[in-house]
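Right, one structure below, let's go through it.
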Amino acid sequence: MSAENKIKLKRVYDKPAKADGIRLLADRLWPRGIKKTDLDYDNWIKSLCPSNELRKAWHNDELSYAEFKKQYRQSLKSESDTVNEIAEMAEGKPITLLSAVKDLEQSHLPILKQVILKAMN
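FYI, in our numbering the residues of the sequence shown are 6 to 126.
Structural data, given as structure tokens:
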């Protein structure tokens with residue numbers, strides 16, 4: 006399995022699958038409409054999520070996606086230990102990053118995935 010395929014992106018509202026491997030919730034806020042006892046996840050990685058300020062600026066269209074990406078990548082530099090820990094996990098098992106966002110591809114998840122993949126190399 007290629008490194009790229011070891012990390013998947015998925016919405017929290019999608020049905021869990023055995024192939025998901027380790028399921029990491031990558032949202033700063035708990036997903037609406039889901040009880041904590043109902044979500045199948047292994048760990049909540051709040052420290053790797055965009056700050057409230059950055060998240061709000063992105064949602065209020067105060068930042069372009071390129072600027073959001075730049076600022077988010079910068080913020081992840083201070084969390085290198087956690088990123089490296091997840092990269093090590095991904096060497097052994099598939100990882101699925103979970104979020105409640107509607108558009109996974111225009112969210113923080115692809116950015117986080119790329120940062121983790123870079124840490125794997």
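Heads up, the beta-carbon is just placed ideally off N, CA and C, and yes, glycines get one too.
These numbers were taken from a predicted model, which means no experiment stands behind them.
* Report yes if the CB atom of P115 is closer than 9 Å to the CB atom of A24, and no otherwise. => The residue labelled residue 115 in the question sits at position 110 within the sequence shown. The residue labelled residue 24 in the question sits at position 19 within the sequence shown. Between P115 and A24, the gap from beta carbon to beta carbon reaches 9 Å or more.
* To do: Please confirm whether L102 and K13 have their CB atoms less than 9 Å apart.
  => One-based indexing of the sequence shown puts residue 102 at position 97. One-based indexing of the sequence shown puts residue 13 at position 8. Yes, the pair counts as a contact, with Cβ atoms nearer than the cut-off.
* Within 10 angstroms of the Cβ of Y70, are there 16 or more other Cβ atoms? Answer buried if so, exposed if not. => Here the question's residue 70 lines up with position 65 in the sequence shown. Counting the other CB atoms within 10 Å of its CB gives Y70 a total below 16, which places it among the exposed residues.
* Cutoff 8 Å; reference S56; Cβ partners in own chain excluding five residues on either side -> Counted from its first residue, the sequence shown places residue 56 at position 51. Excluding sequence neighbours, S56 sits near R33, S80.
* **Helix, strand or coil at N126 [DSSP, three-state]** => Locating residue 126 in the sequence shown gives position 121, where the first residue counts as 1. In this structure, DSSP gives N126 a state outside helix and strand, which the three-state scheme calls coil.
* Can you name the residues that DSSP bridges to T101? -> For the purposes of this step, residue 101 is taken as residue 96 along the sequence shown, with counting starting at 1. Answer is K13, R28, bridged to T101.
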